[in-house]
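Protein chains in written order, with my numbering: chain A, 130 to 483; chain B, 62 to 323.
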């Protein structure tokens with residue numbers, strides 16, 4: 130895949146505060162990459178650097194092989210979709226969409242034709258004469274999308290485009306955005322703090338934290354095989370249990386956690402297990418049982434999840450969150466065993482946790 | 062819907078109205094009086110004192126001067142104030158807080174002090190021509206109004222709109238004129254009117270800066286009163302009031318008076 134956008138070793142500061150540290154990111158032609166993270170992680174800063182609204186302290190940004198780093202924002206030819214739509218309030222829908230074409234010297238019938246075709250595609254053909262104030266949130270975001278797409282930019286960037294919409298519309302719009310993006314084959318960068326949104330819309334997702342990319346991978350990989358403790362926690366591996374191998378017997382590995390807790394894990398099911406590792410389990414990955422094996426636990430608060438009961442558990446290996454079946458609710462203070470479920474657990478190498 | 066309005070409230074409201082409108086009615090009455098001295102209620106009705114304004118050369122001249130100064134100083138204040146208000150709002154986070162206060166200072170300093178220091182430092186020190194000093198003095202006087210009013214309308218402006226325009230290929234400066242200004246148009250008009258009226262009505266700064274041959278209308282009114290006590294001053298006042306009302310009515314028609322309430 131050819132690289133359309135290439136961000137190379139970017140460092141950026143706000144005043145004296147470092148907000149991005151040596152960040153690199155390659156986005157392939159026609160690919161949609163999301164930047165996912167909590168506020169302040171640097172995702173919006175990255176987008177603004179690429180758009181040209183901020184200047185990096187060091188590093189380089191290339192688009193289609195052309196160096197953008199010092200190019201003024203209005204010459205970068207990048208389509209932007211903002212969280213608050215940022216439509217021009219004094220211009221009609223048609224003029225909003227036609228604005229970028231006008232800047233490019235496209236006027237008259239050629240402009241009208243392209244604007245109308247784009248309004249048709251986003252389902253807003255009857256609304257051309259309206260002012261933005263007379264549109265609903267979803268319609269406004271469609272206009273913003275049309276306005277960014279009509280200039281046929283080599284790169285499209287979204288800054289939390291769905292945060293101002295209600296939950297139902299958010300899901301509809303993200304499907305629409307993805308369909309338009311795929312149909313046009315526009316290389317895209319999508320900034321969001323919503324994990325489900327990022328995973329559902331993207332080819333690849335970069336999980337960001339403190340100005341750095343913690344992991345950049347396909348959503349499936351991120352979800353099942355996080356590369357480090359931060360990403361593991363981020364994608365829902367609530368329980369991180371540091372362990373040391375004490376005995377190996379072919380496929381079976383016996384490992385010990387804090388408090389002398391011992392587990393025997395099958396490498397066939399869990400994958401290769403190094404001598405020191407962290408067992409990362411989702412709440413679903415620790416089954417609450419009353420058998421003889423597993424981590425001994427005293428059950429605390431029980432909450433109802435619909436598909437299971439969730440328990441806050443005290444164990445010799447520390448506090449853990451585990452799920453138990455709906456058929457047998459257990460009471461606070463009851464003794465139980467927590468058994469790792471291979472499909473909902475992953476093994477983190479020691480260097481990934483450091 | 063039934064309403065019980067307390068009689069004291071009604072009485073107070075009427076009193077406030079009398080307090081606000083009373084003097085204006087007295088001035089209007091005096092201006093229409095047929096007598097050759099100021100009196101109220103008017104004795105006889107006549108428009109001759111209005112005619113008299115234009116027969117006195119000093120009034121004719123100062124009306125023109127006042128209008129010139131008002132237009133020029135308001136223009137200068139807009140040229141300085143609009144970009145200043147833009148910068149103060151656009152870079153609010155990066156700029157130190159005292160900077161916006163700096164632009165209100167001319168209102169905080171007593172106008173007499175401002176006028177006197179301008180006389181000493183601009184007119185006397187640099188031998189600036191009287192007209193130039195007046196224009197500069199008035200520019201300074203009305204600048205705070207411009208900055209405040211434009212700031213108020215920029216406070217509601219979403220600057221990502223500007224970034225959207227830039228990302229679509231519009232250069233920064235062009236964006237300022239095609240995107241930002243049309244969206245604060247009402248603020249600019251309101252600022253213009255406030256500044257214009259403030260300049261036209263100013264006495265305390267002008268009194269220091271006027272000199273031989275050049276005066277403004279309010280100063281001429283004062284000078285006239287010192288020598289004559291005829292209803293001309295009242296009719297000039299009515300004329301000024303009329304001008305203000307006309308301007309306000311025009312704004313009310315086009316934009317609504319809420320712009321002054323901001």
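Positions of the beta carbon are idealized from the N, C-alpha and C atoms, including for glycine.
How many angstroms separate the CA atom of residue i from the CA atom of residue j?
i	j	result
residue 270 of chain B	residue 176 of chain B	7 Å
residue 100 of chain B	residue 292 of chain B	8 Å
residue 269 of chain A	residue 215 of chain B	22 Å
residue 267 of chain B	residue 284 of chain B	13 Å
residue 262 of chain B	residue 156 of chain B	34 Å
residue 219 of chain B	residue 104 of chain B	59 Å
residue 310 of chain B	residue 255 of chain B	13 Å
residue 332 of chain A	residue 182 of chain A	26 Å
residue 419 of chain A	residue 173 of chain A	48 Å
residue 448 of chain A	residue 226 of chain A	55 Å
residue 118 of chain B	residue 278 of chain B	12 Å
residue 444 of chain A	residue 479 of chain A	22 Å
residue 377 of chain A	residue 402 of chain A	10 Å
residue 143 of chain A	residue 208 of chain A	24 Å
Per the DSSP calculation, residue i is bridged to which residue(s)?
i	result
residue 406 of chain A	A/372
residue 337 of chain A	A/342
residue 418 of chain A	A/466
residue 320 of chain A	A/164, A/288
residue 94 of chain B	B/106
residue 199 of chain B	None, per the DSSP bridge assignment.
residue 391 of chain A	A/385
residue 151 of chain A	Paired residues: none, contrary to the question.
residue 141 of chain A	A/149
Taking all protein chains shown into account, decide if residue i is buried (16 or more other Cβ within 10 angstroms of its Cβ) or exposed.
i	result
residue 416 of chain A	buried
residue 424 of chain A	buried
residue 86 of chain B	exposed
residue 159 of chain B	exposed
residue 373 of chain A	exposed
residue 153 of chain A	exposed
residue 97 of chain B	exposed
residue 297 of chain B	buried
residue 404 of chain A	exposed
residue 288 of chain A	buried
residue 347 of chain A	exposed
residue 295 of chain B	buried
residue 311 of chain A	exposed
residue 135 of chain B	buried
Please determine, among the options, the residue with the shortest C-alpha to C-alpha distance to residue i.
i	options	result
residue 280 of chain A	A/234, A/195, A/294	A/234
residue 397 of chain A	A/225, A/475, A/208, A/134	A/475
residue 232 of chain B	A/381, A/227, A/205	A/205
residue 159 of chain A	A/370, A/316, A/240, A/414	A/316
residue 385 of chain A	A/452, A/393, A/341	A/393
residue 136 of chain A	A/170, A/147, A/168, A/176	A/176
residue 266 of chain A	A/216, A/287, A/254, A/405	A/216
residue 389 of chain A	A/441, A/399, A/426, A/381	A/426
residue 133 of chain A	A/253, A/314, A/275, A/276	A/314
residue 353 of chain A	A/400, A/377, A/375, A/463	A/400
residue 341 of chain A	A/149, A/143, A/138, A/141	A/149
residue 152 of chain B	B/102, B/117, B/221	B/221
residue 165 of chain B	B/89, B/203, B/118	B/203
residue 127 of chain A	A/460, A/414, A/443, A/461	With chain A covering only 130 through 483, there is no way to say anything about residue 127 of chain A.
residue 212 of chain A	B/115, B/131, B/224, B/69	B/224
residue 93 of chain B	B/114, B/77, B/287	B/114
residue 108 of chain B	B/305, B/308, B/299, B/314	B/299
residue 196 of chain B	B/132, B/110, B/242, B/312	B/132
residue 201 of chain A	B/281, B/229, B/264	B/229
Inter-stretch contact (C-beta, 8 Å, three-pair minimum) for the stretch 118 to 125 of chain B and the stretch 172 to 192 of chain B
no
Any contact of the stretch 285 to 294 of chain A with the stretch 314 to 326 of chain A, i.e. 3+ C-beta pairs under 8 Å?
yes
For the stretch 261 to 278 of chain A and the stretch 297 to 313 of chain A, state whether three or more C-beta atom pairs, one from each stretch, are separated by less than 8 Å.
yes
Check whether the stretch 402 to 411 of chain A and the stretch 353 to 371 of chain A touch, using three or more Cβ-Cβ pairs below 8 Å as the test.
yes
So does the stretch 443 to 453 of chain A actually touch the stretch 63 to 81 of chain B, counting three or more Cβ pairs closer than 8 Å?
Counting Cβ pairs under 8 Å, fewer than three are found: no touch.
For the structure I just gave you, are there three or more beta carbon pairs, one from the stretch 240 to 259 of chain B and one from the stretch 202 to 213 of chain B, closer than 8 Å?
yes
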